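To keep things clear, I will list the structure first and then write my remarks on it.
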Amino acid sequence: MPSPLEELRAVGIDVGTEDARLVLRAECMRLARRVRERRARLVGLAPAGDDVAVPAIAIELGRALAATGITAVGVVDAHGSWPCARRLTASAAAGADLLATSWLFPNVAVLTPRAPRPGDALERLHGALVRETASFGELVVDLTGFDHRGEHVAAFELLDAVALVARCGRTTARQIQRRLRDVPDRRDLGVLLTGS
Amino acid sequence: MTQEQKSPAMVSDHLEPILRLARRGLRFWHFALLTFALTFAATLGLAELWPKQYRSEAVVYYREGMQWTSNEPASGRRVAQRLKDVLLARSQLAKVVEDFGLHPKLVKAGRMASAVEEVRRAIGFRVERESDVFAVSFTGDSPEEARRVTARLADLLVGENARFRSDQAEVARAFLDEEKKRIVGELASREAAQLRFLANHPEFAEDHSAGMGVSLRARARDDGGATTLQRDDASSPGASGTFGLFSPDPALVTAKAEAETKLRAARRELAERRSRYTEQHPDVRAAEAAVKAAEETSRRAAQALEVARSPSAGLETRAARVQKGKKGTPTEQTEGGRSTRRFVVALEADWARLSRDVAEARERLQQLDNRQFVASMTSSMVATGQAAQIVVIDPAFLPAKPIGMTRTRRFLMALVAACFLATGVAVVLALRDDRVFDQVDVERLQLAPLLLEVTHRNMKDAGKGVAERTRGERPGVELVAAEMTVPGSVRDAPGTATASPAAGPVPSAGTGEGKDASAARTPGFPPEADDGAGGDDGAADAIAGAGTDTGGGADAAAEADSHPVGTPAQSLEAEAGSGTAAGGDGASGSAEAAETGAPPAGSPQAEPETAEEDAESTTERRPVMYATVALALRSRPVTQMARRLPGPEEVEAERDRADLEEELVRLVELVRVQRMAPPWTIDPRLLMLIAPDSAAAAGFRVLRQRLSERAGLRSILVTSSRPEEGKTLCAVNLALALGEAGRARVVLLEANFQHPSLARLLGFHPPACIGEQLEARRTRSAQPWVVAEVGVPWLHTAAVTPGAKAGPIFDGKEFALFVEDLREAGYDYVVIDGPAILGSADANILQESVDGVLLTMRTGRSRGRTLLKAVEQIGSGKVLGVALLAT
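Protein chains in written order, with this note's numbering: chain Y, 2 to 197; chain W, -1 to 885.
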C-alpha cells in the first residue's frame, strides 16, 4: 500500500520532505477550519504569481477538508495545468463529463479537464462546479492560469471563498496587493504563504 | 502562514515616492540631456575664457635682535598682525599701484581707493602658526607682474619694519631726554629745599629715622627734654659717644660703605667686560652705566655723611634750649616742654616730607636713566642693524602656471555642475508634470476607480505576439460552434461579403495545404469566390465539408457565393466547425469528423449523415447570428475542435437557441445586420483578436467582469478628455471582450462624427454611415437600423463612413432612439465610441442616452488638469471608471 506521499509523487506532485509536508498539512488544517467557519463549499486557490505552485497545496487542503468533514472533497485542476493532468485523464474512466475524476485518497479526488483549452476554462469551471457540487461536499479549485486571460475575477465570482497562495522569497508584496485587489472582500480567505 | 492583513506596510513603500519621481524625471531625459550638454559646455568654455591669474610668493623671516629689557619678545601672531597692517596700509599700496600701473582703468577714473582695495584683495599674507615665518603673495594678471609686485611687497615689508623700529627708538630717546631734564630739575629743587631745611635745622643732619622725633618728644615730656634726649641718645644703637647728638649717623656710614662696595663691584665688572668686548658693545656700555650709577650713589652718600659730621648752629641752639628747659620753674618747664614738643613734631614732619620728595625724585631719575640707556642702546642697535629685523629668505618667484583649478578638476567640476543642473531640471519638470502615467496618478486625481490598466509592457507583449504570429501563421478565425438560424427571418442586405469587392482571399492556415480548416472557418469571414487553387483549397474544403477534394472545395465555395449570407453552405461551414450550441440538431462536428476520421464527442456514429442532413435542412434557414462562437487566432487541428463538442450541452444549447430565436424576431424588425468582408489584415490595436492570450487582453476581460457586475448596465459610452487618448481602441476591445465567445451580443456604435476612425480600425467600409442613418431616420422612421458584422460574429458595428461630412449639431435625440432600438433588438451591450469631452458638448448629449461612461486616458499624454475639467463637464454621476492605456 503506497503512502500518501508516494501517491502524490506518483501523479507528479512533489510536496517535498516529510517535514515540509507536515508543516503544510498543519497550515492547511488551519485553513480548512477557516473554510468551515465560513461555510464555504467552493474554495479557490489563486496563485499570486507565475512561480507559485498550487497543486500540492490544493491536494493537502482537500485532504484537510476531508479529514475535518464527512463528505468527499474534490480538487479541481480548472485550467488543466497540473503536471499529472494527462496521466490522470488517461487513467480516469471514460465518460462524457467535462472533468475526469481520479480518486487519490478514499475521500479526495482530483478533477482534471479531459481536453483542456484556455479559451473555455471559465465555462468549463462553471459547468463543473454546477455538476460536481452534487458529488462532493467541498471543491478546492486551483485557479492557476485564469489570471493570464483576465478571467480570474470572473472565476472568483463562481466560488464561495478564495485564498491567495504566495511563495516566500519569490512573490512580492506588490503582486499580492495587486491580486488581493481583485478578490472580493466577502470571498477573501487571506494569503497562504508557502515555501518558508 | 495565513495572513489577514491586506496591505502590509513595506519598507519599499517609503521609497516609492522617490522612485516614482525618479521614473517621472527620466521621462524628461531629453531635457535633462540638453541641460547637461549645455551646462557642461558652458562651464568648460567659461573656465577656459576666464582671465588667468598668476600668483607669486615671497617668504620673509622675522628675526628678533638683542634683548635689553626684561620684557618678553613679541609673539609671532602680534608681529604678523603688525606686519600685515604695515603691508596693507593704504599709502603703501597706493605707491605700489602707481609704480606698477595696476588697475589702470580705476586709476584713470580717479578711483584710486578702489584700485587699492583691489590690490589689497590680491595680496595674501600667510602666517605659520606661532612661527616667525610669513609668506607674502600677490595675484596678478601676468606672471611677471605677480613676481615684481610680490618682490616689492617683500621689500616694502623689510623697509617699513626697519623704519618703524628706528623711528620708534628715536622717539623714545627724545622723550626720555626731555623727561630726564624735567626730573633732574625737580630733583635739584627738592634737594635744595632739603639743604635749606638742614641748614636751618642741622640737628636733622644726623637724623636717620623717625626715632629721633620720638626720643625728642619723650624727653621733652618727662624731664623737660634734656635728660631723656641724653639717655635716648646714649642708649640708641650706633651711639658712639657720651653725647650722640654730634656723632655721625651709623646708617649714613653704612650706606656710604655699601655704595663704595657697589662701586667697586661695578668697576670690576666694567673692567671685565672691557677686557672681553669693545667699547661699543652693549654689555660694556651697561657696565659703564652701572659704574656711573654706583659712583653717583657713593658720592651722595659721602655728601650726606659730610653734612652730618659738620656741627651747625641750629643744633647747638636746640641743645642749648634743651639745657635751658631743664633749669626752669615747673610751670615754665611744663609750658616750655609743650611748645618744644610741638616744634619738634613740626620739624619732623617737614623733614620727612622733604626726605621723601628727594628720595622719590632720585628714584624716578634712576629709572629714567635706565630707560634712557635702553633707548640709547636700542637706537644704536637699530643703527648698526643688530635690532629685530625682517629677512627675505625666499624671494618672489616667477609663476609658471596660472592659479585655480587644473584641467582635470575643471572637467570634473563642469561634470558635476552639469549633472546637478540636469537632475534639477528633470526633477522640476517631473514635479510640474501632471500627466497621468500609472495607477497612482489616477488614484491621486480621484476621478473614478481604475477599471483597466494596459501598460506599455502589456502592449509590447501583445505586439510581440502579433509578430510571432505573423512569422508563423497567418491570422484567422476559428469557428468552434454552430450557428443559430431563424427560418426566413432575416433580411440580408445587399452588398454583403459575397458581393463585396473587398472580398479577397480568405486568410488560410499557415501551411496553406488545406489540411487545417480552422483558418478558413471564419464566422465573420464568409466564403468568397476564388479560383480554388493553392492554399485556398483547404479553406474551400472546409467550407464544403468534404475536406478532401480540391475541386469539390472550389465548387462548394462557388456554391456558397451564390447564396446570400447564411446559405446552406455557410451553415454547413459553421456546423462543420464544432458547434456546442448546435449539437441539438445533430450537426456537431460532422464535417471535421468526416475529414479526420475521428468520431466527434457526443455523436460518434452520425457524422457523415448528419452533415448531409444538416446541409439539406439548412437550405431553408438563413443564419443571422451565432450563439456560441469562440475566436482563436491559432490554428488548431480539426480533431481537437471536434472534441470540444460535448454531448450533454445539447439540451441547453437547444433551449438557448429557442430563446435566441425569439429575440431575433424582434431584432430583425429593428436592425438589419449586414455581413462585411473581413479585412486583409487585422489592426494590431485589436488586442482581443490579435493577442487574445496577452496581458492586455486579460485586462479587457477584467474590465468586462467589472462592468458585468454592475446591474442594469447595457449601454456604455467610451470617451476621453481630449482626442487621441484611446477611446476607439478601448471601445472596440471592450466590445470584443464583452461578446467574447458569444457570451453576449454587443453592438459597437461610433459617435465621434468629427474624427471617425472605427471603420478604418476594423478595416471595412460601413454599408450605411451612422450619421446618414440618423439623418434619414428623421424622415423615414420605419427604416431599420443597419449594422455591419465584420469578421467577428458577436460584434456588430455601426460606424461613420470615413470622409463623411459631419453635421454641425449632433442629434442626441435620434441617437438616443437608436440606442433604445438596439436595446430593444436584443443586444446585451451597446458600446459607443464617443467624441472627446472637452471642446464640444457631444459627450454631454451622448451620456444622456447611456447607462455609464468609461473614461479613457493615455499614459504620458492625458493631463490631470484636463481630466478633472472633463469630469467636471460631464459630471461624475455616470462615470463608471477609468481605463488607463499605454501610449
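Ideal Cβ placement from N, Cα and C applies to all residues, glycine included. Note that this is a predicted model, so its numbers are computed, not measured.
Chain Y contact residues for residue i, given Cβ-Cβ distances below 7 Å
| i | result |
| --- | --- |
| arginine 699(W) | Arg150, Gly151, Glu152 |
Which of helix, strand or coil DSSP assigns to residue i
| i | result |
| --- | --- |
| glutamate 846(W) | coil |
| alanine 110(Y) | strand |
| histidine 127(Y) | helix |
| tryptophan 104(Y) | strand |
| isoleucine 181(W) | helix |
| proline 185(Y) | coil |
| serine 838(W) | coil |
| proline 677(W) | coil |
| serine 874(W) | coil |
| aspartate 514(W) | Any reading at aspartate 514(W) needs caution, since the residue's pLDDT is 35, under 50, leaving its predicted position unreliable; the model's value is listed next. The answer is coil: DSSP assigns aspartate 514(W) none of H, G, I, E or B. |
| proline 48(Y) | strand |
| proline 280(W) | helix |
| glutamate 707(W) | coil |
| aspartate 392(W) | strand |
| aspartate 691(W) | coil |
| leucine 194(Y) | strand |
| threonine 717(W) | strand |
| valine 851(W) | strand |
| alanine 87(W) | coil |
Beta carbon proximity, residue i to chain W, threshold 9 Å
| i | result |
| --- | --- |
| glutamate 1(Y) | An answer regarding residue 1(Y) cannot be provided, because it is not within the stretch 2 to 197 covered by chain Y. |
| aspartate 143(Y) | no |
| aspartate 51(Y) | no |
| glutamate 19(Y) | no |
| alanine 174(Y) | yes |
| glutamate 158(Y) | yes |
| aspartate 161(Y) | no |
| aspartate 78(Y) | no |
Buried or exposed (CB count within 10 angstroms, at least 16 for buried), residue i
| i | result |
| --- | --- |
| valine 414(W) | exposed |
| arginine 40(Y) | exposed |
| tryptophan 104(Y) | exposed |
| alanine 656(W) | exposed |
| serine 273(W) | exposed |
| lysine 50(W) | exposed |
| leucine 32(W) | exposed |
| isoleucine 688(W) | buried |
| threonine 18(Y) | exposed |
| glycine 402(W) | exposed |
| asparagine 750(W) | buried |
| alanine 640(W) | With a pLDDT of only 31 at alanine 640(W), under the threshold of 50, the placement of this residue in the model should not be trusted, and no figure is reported. |
| isoleucine 391(W) | exposed |
| threonine 145(Y) | buried |
| glutamine 672(W) | buried |
Cβ of residue i within 9 Å of any chain Y Cβ
| i | result |
| --- | --- |
| glutamine 703(W) | yes |
| glycine 575(W) | Summary for glycine 575(W): the model assigns pLDDT 35, below 50, so the residue's position carries little reliability, and this model does not support an answer. |
| valine 691(W) | It is worth fixing the name first, because residue 691(W) is aspartate in this sequence and not valine. Yes, because at least one Cβ of chain Y sits closer than 9 Å to the Cβ of aspartate 691(W). |
| valine 874(W) | A quick correction: the sequence has serine, not valine, at residue 874(W). Answer no: the Cβ-Cβ gap between serine 874(W) and chain Y never drops below 9 Å. |
| serine 838(W) | no |
| serine 719(W) | no |
| serine 755(W) | no |
| serine 713(W) | no |
| serine 10(W) | yes |
Closer than 8 Å at the beta carbon, the chain Y residues around residue i
| i | result |
| --- | --- |
| alanine 739(W) | Gly120, Asp121, Glu124 |
| alanine 695(W) | Arg150, Gly151 |
Chain-ordered neighbours of residue i on chain W, where CB pairs are closer than 9 Å
| i | result |
| --- | --- |
| alanine 155(Y) | Arg699, Val700, Arg702, Gln703, Ser706 |
- Message: List, from N- to C-terminal side, the beta strand (DSSP E) runs of 3 residues or more that fit wholly inside the stretch 741 to 806 of chain W.
- Response: 744 to 748, 783 to 787, 793 to 796
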